[in-house]
Amino acid sequence: MPEWEERWPWDRIQTDKDTREAFLHESQPFVRQVASQASHRPLEWGRDEELSEAFVAFNEAIDNFDPERGVPFLAYARVLIKRRLIDYYRKQRSREALSLDQAEVGVAVEAVLSLHDFQEGVQNRERAAEIREYAQELGKWGLAFADLVEVSPKHRDSRETLLRAARILAQDKDLWQQAGAKGKVPMQALAQRTGIHPKVLERGRKYLLAVAILIANQHDYIYLREYVLPRKGEIKQ
Amino acid sequence: MNKIKAVILETTGSRCTVLADDGSFRSLPNSYGAQVGEEIELDADAGWADTYKQSWRAWHAWAAAAALLLLTLTVALGWNFAQASTAVALVSIDINPSIKLAVNAREQVVQATAVNADGEKVLQALELKNQPVPAAMSKILEQAQNKGYLTDEHSWVLVGLAPNGDKELPPALEEAVKSAGAAIQEKVNARMAVLQLSEQERIKAEQAGVSIGEYALWQSADKAGIKVEAKELKTKTERVRLLEAPEIQAQVLKDKGVLQIPGTQGKNDSAIKDMLKRDKDKDQDKDQDKDKDQNQEKEQAKNNEKDRANLIQGQERSSKANEDDKHEASEKQERGNSLQKSVPVLSPISPAPKPQANENDRIKEGSKGGDQELEAGKTFDDESERERSGREQKDR
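Protein chains in written order, with our numbering: chain A, 35 to 271; chain B, 5 to 400.
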């Protein structure tokens with residue numbers, strides 16, 4: 035989530051208390067999304083204890099994070115949240131069945147993952163998990179990776195045009211809801227909104243949709259989104 | 005070259021699909037052996053600008069080549085098949101077993117049909133389809149011999165050849181049949197007559213319900229003045245009677261048929277000679293020297309080496325010979341030579357008398373024929389004119 039992280043200079047998040055508070059506040063939806071996924075049920079602030087656990091993990095992630103390592107912060111935070119929750123559930127269970135399962139007490143997973151340990155292997159597994167989810171999501175829209183290779187625009191200009199349209203589609207709540215409801219891209223509306231000729235959009239329909247899915251689900255595709263969002267230094271349109 | 009980052013989305017066989025960080029999906033050979041979720045670096049234009057397009061182009065080239073190959077194969081096979089399965093000629097074999105073979109342009113048997121019960125017995129144990137004609141014939145004859153149909157006593161094999169439809173009779177077919185006949189003659193004292201029919205005659209034969217050979221034999225008998233019912237030819241004894249009649253044998257040879265008769269040459273020879281003499285006497289009784297000439301010719305012809313250069317002249321002169329009493333021995337020699345050439349078939353009968361027969365035939369029928377035939381019957385006032393025309397012919 036580069037465009038988000040870039041707005042938050044890390045030296046200030048980690049040192050300045052107000053900035054950190056603001057960042058934590060803004061990150062609440064992310065924490066909730068990740069925690070809900072890890073618990074396999076929707077969680078509510080103030081009701082579910084898991085969310086507090088997750089929030090603590092997120093807070094620790096900020097402390098441990100080092101932007102120089104070149105790892106996306108949210109990816110790191112997500113792993114920490116998940117581990118924290120796994121640990122949380124394990125403690126819960128052992129508390130309920132203490133007498134039966136003595137051995138497990140105290141054998142907690144290492145809930146705190148140092149950034150040093152957050153190495154390639156873990157990241158790859160994280161990415162692979164994202165990719166599995168992404169493939170499933172594409173399947174719902176009738177798309178597959180092999181199709182995308184064929185429809186992926188070869189020319190830089192046309193690709194960037196479609197990437198721009200995809201960003202607009204994904205970030206425009208109305209348009210994206212329409213797309214979700216109908217199961218297809220609202221071409222006319224998008225053409226009006228972007229000023230791109232409907233023919234161009236129609237031709238790039240599959241690609242456009244695949245990219246928009248990545249961008250719209252900002253909490254799910256932390257790694258994959260990076261590939262379709264403008265690179266650092268490129269002007270955001 | 006610019007390197008860009010990409011993540012492996014999918015691996016299929018030796019290829020992988022990646023999402024590159026310029027937002028493009030690409031397919032490239034997984035030379036990295038990378039797993040899903042791994043990040044790799046690749047050239048900015050790898051995965052399609054070169055590899056993908058090239059593979060596409062290569063695929064096109066392959067597809068085109070394969071299509072062409074397939075087309076060629078289809079055409080070749082189709083042609084082969086059409087040629088192999090089209091019967092261009094029919095061969096009938098009558099011993100007592102009667103068998104009909106359909107033959108393709110490559111002189112292979114397309115179909116073998118038994119015409120009577122004995123024929124079925126012979127064919128039962130044989131697989132003749134796609135066999136070359138000589139092999140098929142040999143097998144049939146051997147089988148007939150084994151089953152006792154073809155013996156020294158019952159020794160006649162009547163073979164009929166005819167084209168099928170508008171196709172030409174394969175030129176080597178007659179040779180093929182003859183070689184098969186020669187082969188069986190080593191085992192049994194078989195006598196073979198090979199007769200040909202035209203397409204129209206073959207159809208008539210079919211309408212009459214007789215085989216090609218039987219119809220041809222009936223025709224020859226008819227010409228020789230022996231009247232038989234076509235139906236009677238179906239019986240073996242009647243066939244053999246006709247085949248053994250010297251008049252008919254002579255007629256068969258006149259009609260460019262073939263007689264392959266081992267061992268019995270002397271007897272047949274004289275009988276046929278007699279008959280030919282009779283023919284000649286009929287037509288040319290005023291010409292008293294003729295008999296003498298005939299004998300002379302025969303001897304000369306036997307010793308002759310076949311001299312192509314003399315052929316044209318010989319042909320021409322021979323045609324005039326009928327009317328010309330004064331011609332010299334050398335001329336006669338040439339004539340004998342040329343005429344021997346004009347009858348292509350090997351036979352136990354000396355070839356010399358045949359021209360006579362041919363000419364008679366022609367005069368009777370007012371028929372078809374080569375140069376020497378057209379010239380036949382013309383008279384020349386004197387020797388010089390004859391020679392001039394001879395030169396002219398040569399020039400031509």
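Where a beta carbon is used, it is the ideal one built from N, C-alpha and C, also for glycine.
Task: Per DSSP, the bridge partner or partners of Ser96(B) - done: Lys104(B), Gly164(B)
Task: Own chain partners of Glu14(B) with C-beta closer than 6 Å, once the 5 adjacent residues on each side are dropped - done: For Glu14(B), where only same-chain residues beyond five positions count, the Cβ hits under 6 Å are Thr21.
Open item on the list: As an exercise, report each continuous alpha helix (DSSP H) stretch of at least 4 residues that is fully enclosed by the segment 127-165 of chain B, in chain order.
Closed with: 137-150
TODO: Examine the ligand COA and report whether any of its heavy atoms sits within less than 6 Å of the Cβ of Val232(B).
DONE: Ligands in the displayed structure: none, and consequently the ligand COA is not present.
Task: Limits of the alpha helix (DSSP H) - the one that Val234(A) falls within - done: 232-237 is the extent of the alpha helix (DSSP H) around Val234(A).
TODO: Under the assumption that Gln126(A) contacts His253(A) (Cβ atoms under 8 Å), give the Cβ distance between them as a whole number of angstroms.
DONE: Contact between Gln126(A) and His253(A) is ruled out by a C-beta separation of about 25 Å, above the 8 Å threshold.
- [ ] Would you list the residues sitting across from Val40(B) in a DSSP beta bridge?
- [x] Paired residues: none, contrary to the question.
- [ ] Throw me the rounded Cβ distance for the Ala194(B) and Val161(B) pair, which I believe falls under 8 Å.
- [x] 6 Å
Open item on the list: Taking CB distances under 7 Å as the criterion, tell me whether Ile202(A) reaches chain B.
Closed with: no
Open item on the list: If I follow the unbroken alpha helix (DSSP H) through Ser86(A), where does it start and stop?
Closed with: 83-98
Task: Residue of Ala199(A), Asp191(A), Tyr110(A) minimising C-alpha distance to Gln222(A) - done: Ala199(A)
- [ ] Please state whether DSSP places Ser354(B) in a helix, a strand or coil.
- [x] Note that Ser354(B) scores a pLDDT of 43, beneath 50, so its modelled location is shaky; the value from the coordinates is reported in the next line. In the structure shown, Ser354(B) sits in coil (DSSP, three-state: anything other than H, G, I, E or B).
- [ ] Please determine, among Val11(B), Ala62(B), Gln223(B), Ala209(B), the residue with the shortest C-alpha to C-alpha distance to Leu168(B).
- [x] Here the sequence assigns Asn to residue 168(B), which means Leu is not the residue at that position. Here the closest residue by C-alpha is Ala209(B).
TODO: Indicate whether the contact test is met: 3 or more Cβ pairs, each with one atom in the segment 169-178 of chain B and one in the segment 89-99 of chain B, closer than 8 Å.
DONE: They touch, by the three-pair rule.
- [ ] Give the residues of chain B in contact with Arg159(A), contact being defined as C-beta atoms less than 9 Å apart.
- [x] Gly41
TODO: Examine chain B for any beta-carbon lying closer than 7 Å to the beta-carbon of Val183(A), and answer yes or no.
DONE: With 7 Å as the cut-off, Val183(A) counts as an interface residue toward chain B.
TODO: Using a cut-off of 8 Å between C-beta atoms, extract the partners of Gln107(A) located in chain B.
DONE: It should be pointed out that residue 107(A) corresponds to Phe in this sequence rather than to Gln. Close partners of Phe107(A) in chain B (Cβ separation under 8 Å) are lacking, with about 17 Å as the shortest Cβ gap.
Open item on the list: In this structure, how does DSSP classify Leu173(B) when only helix, strand and coil are distinguished?
Closed with: coil
Open item on the list: Just to confirm the assignment, what range does the beta strand (DSSP E) spanning Ala197(B) have?
Closed with: Counting along the chain, the beta strand (DSSP E) containing Ala197(B) begins and ends at 195-200.
Task: DSSP three-state assignment for Pro43(A), whether helix, strand or coil - done: coil
Task: Rounded straight-line distance, which links the Cα of Val114(B) to that of Val181(B) - done: Their Cα atoms are separated by approximately 16 Å.
Task: Cα-Cα separation, Ser159(B) to Gly229(B) - done: Inter-residue distance for Ser159(B) and Gly229(B) is about 25 Å (C-alpha atoms, whole angstroms).
- [ ] Work out the CA separation of Glu260(A) and Ala109(A) for me, nearest whole Å.
- [x] 11 Å
TODO: Under 6 Å Cβ to Cβ from Phe64(A), same chain only, skipping five residues before and after it: list those, please.
DONE: His253
TODO: Taking Ile207(B) and Leu165(B) to be in contact with their CB atoms under 8 Å, please state how far apart those CB atoms are, rounded to whole angstroms.
DONE: That belief does not hold up - the Cβ atoms of Ile207(B) and Leu165(B) are roughly 15 Å apart, past 8 Å.
TODO: Show which residues of chain A have a CB atom less than 7 Å away from the CB atom of Glu14(B).
DONE: Phe179
TODO: Could you pull out every residue in the same chain whose Cβ sits closer than 8 Å to the Cβ of Glu233(B), ignoring the five residues on either side in sequence?
DONE: Answer for Glu233(B): no residue qualifies.
- [ ] Mark Val164(A) as exposed unless 16 or more other C-beta atoms lie within 10 angstroms of its C-beta, in which case mark it buried.
- [x] Correcting the residue type first, residue 164(A) is Glu in the shown sequence and not Val. Answer is buried; the Cβ neighbour count reaches 16.
Task: Near-chain B residues of the segment 64-84 of chain A - C-beta to any C-beta below 8 Å - done: Correct list: empty, as no residue qualifies.
TODO: Would you kindly work out how many angstroms separate the C-alpha atoms of Leu235(A) and Asp47(B), rounded to a whole number?
DONE: 28 Å
Open item on the list: Is it buried or exposed, Lys258(B), if we count other Cβ atoms within 10 angstroms and call 16 or more buried?
Closed with: buried
- [ ] Just the C-alpha distance for Trp210(A) and Leu177(A), rounded to the nearest angstrom, thanks.
- [x] 17 Å
Open item on the list: In this structure, how does DSSP classify Ile230(B) when only helix, strand and coil are distinguished?
Closed with: coil
Task: C-beta contact flag for Pro101(A) and Trp175(A) at 7 Å - done: no
Task: Spatially closest choice to Asn6(B) from Asp26(B), Gly17(B), Ile12(B), by CA coordinates - done: Asp26(B)
Task: Gln252(A), DSSP secondary structure in three states - done: Coil, per DSSP.
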